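See structure below.
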Amino acid sequence: MRRLCLLLLCLLSPLTARADSLMTDLSERLIAITSSFTGSSILVFGAVVADGPGKRDVVVVLRGPDQGLRVRRKEQVAGIWMNTDAHPFEAVPAFYAVAATRPLAEINAASAFARHQIGLSALKLKVRGLSETSEEASEAVPFRTALLRLKARQGLYPLMTQPVTFVGPSLFRATFQFPSNVPVGSYKAEIYLFKDGELIGANSSALFVDKTGIERWIYKAALNYPVLYGLSAVFIAAGIGWLAALAFRRT
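If you count by mature numbering (1 follows the signal peptide of the UniProt record, and there is no 0), then the sequence shown holds residues -19 to -1, 1 to 232, one letter each, in order.
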């Protein structure tokens, strides 16, 4: 609420700028994952102070964290399904979603979309060790398509563009939904302002998704001390089994 009030004060103050201005913020900066986490939402809001006529469009991209993934192809070999070809991808966003005031095709800013990777069709999924112009890059196209399909099936790459809604002439808002399997890490909300199809402003805000409480301790232990974590899990399981056997023996 305090951030929204600041935006309103900026709108009501005398304007001396000769160009459009873009002000943005997030409803929260941390999404906490606990044992009862079933998903969450984040609100991206802001204001556009327009100068002069023209059609304004706001596009919001929420993405992160980048990760390396290996996509394999399964084929039947002698009647048995086996992994054959594989391509390692680098800097793949674990989560990627887009919101816009109208469909991206209607904004008519293909060059800006390609430059800033706005939209799934413009998202560059680079194969490690291959340039985009190499002959081998064409062989990776089916693997890129499979990667996008798998991410969409997991709910991490929504296929539908979310709406950006203007509340009045200047204020806008967009809501993104995080599924329960959203990865932890650093995310970034990128907000772009277009005027008649031309990019005239941009802003970004950081967002963090992290585990809290005992879940965070277990996650960090498994990540930083995998051997000790594995041994502890074995000893705990053995201890519980021994106690259960002892209890049933007495009864």
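A virtual CB, placed ideally from N, CA and C, is assigned to each residue, including glycine.
None of these values were measured; they are calculated from a predicted model.
Nearest CA to the CA of residue 293: which residue from Asp177, Ala170, Glu179 and Lys176? Absent from the model: residue 293. The displayed extent of the chain is -19 to 232, so no value can be given.
For Gly178 versus Ile88, is the C-beta spacing smaller than 8 Å? yes
Alpha carbon of Phe94 to alpha carbon of Ala103, nearest angstrom: 6 Å
If we cut at 8 Å on Cβ distances, does Pro69 have a partner in chain C? Protein chain content of the structure displayed is limited to a single chain, and chain C is not contained in it.
Can you say whether Asp32 is buried or exposed, counting buried as having 16 or more other CB atoms within 10 angstroms of its CB? exposed
Looking only at its own chain, which residues have a Cβ that is under 6 Å from the Cβ of Gly220, when we skip the five neighbours before and after it? none
Segment limits, alpha helix (DSSP H) that includes Phe124: Val122 to Arg134
Residue range of the unbroken beta strand (DSSP E) whose run includes Glu171: Gly166 to Lys176
Where residue 280 sits in the DSSP three-state scheme: This structure does not reach residue 280, given that the chain is present from -19 up to 232, and the question cannot be answered.
Straight-line Cα distance separating Ala75 from Ala226: 43 Å
For Val215, count neighbouring Cβ atoms within 10 angstroms of its own Cβ and tell me buried if that reaches 16, exposed if not. exposed
Going by DSSP, what residues sit across from Ile12 in a beta bridge? Val190
Ala155 - containing alpha helix (DSSP H), residue span: No alpha helix (DSSP H) contains Ala155, which is instead part of the beta strand (DSSP E) from Leu152 to Phe159.
For Leu129 versus Leu101, is the C-beta spacing smaller than 8 Å? yes
Tell me whether Val145 sits in a helix, a strand or coil according to DSSP, three-state version. coil
Measuring straight from C-alpha to C-alpha, what distance separates Pro123 and Leu106? 12 Å
Buried or exposed for Phe26, please, with buried defined as at least 16 other CB atoms from any protein chain shown within 10 angstroms of its CB. buried
Could you name the residues of the same chain whose beta carbon sits closer than 7 Å to that of Leu(-14), not counting the 5 residues immediately before and after it, in chain order? Note that Leu(-14) scores a pLDDT of 49, beneath 50, so its modelled location is shaky and nothing firm can be said.
Is DSSP giving Ser119 helix, strand or coil here? helix
Cutting at 7 Å between CB atoms, please list the residues of its own chain near Asp1, excluding the five before and the five after it. Val29, Val30, Ala31, Asp32, Leu174, Lys176, Ile181 and Gly182
Could you tell me the alpha carbon to alpha carbon distance between Ser92 and Ala218, rounded to whole angstroms? 57 Å
Which complete beta strand (DSSP E) runs does the region 23 to 92 hold, if anything under 3 residues is left out? 37 to 58 and 61 to 81
If contacts are defined as beta-carbon pairs under 8 Å, then Thr5 and Asn184 qualify, I think. What distance do you get, rounded to the angstrom? 5 Å
Please report the Cβ distance between Ala127 and Val52, rounded to the nearest whole angstrom; I am assuming they are in contact, meaning their Cβ atoms lie under 8 Å. 6 Å
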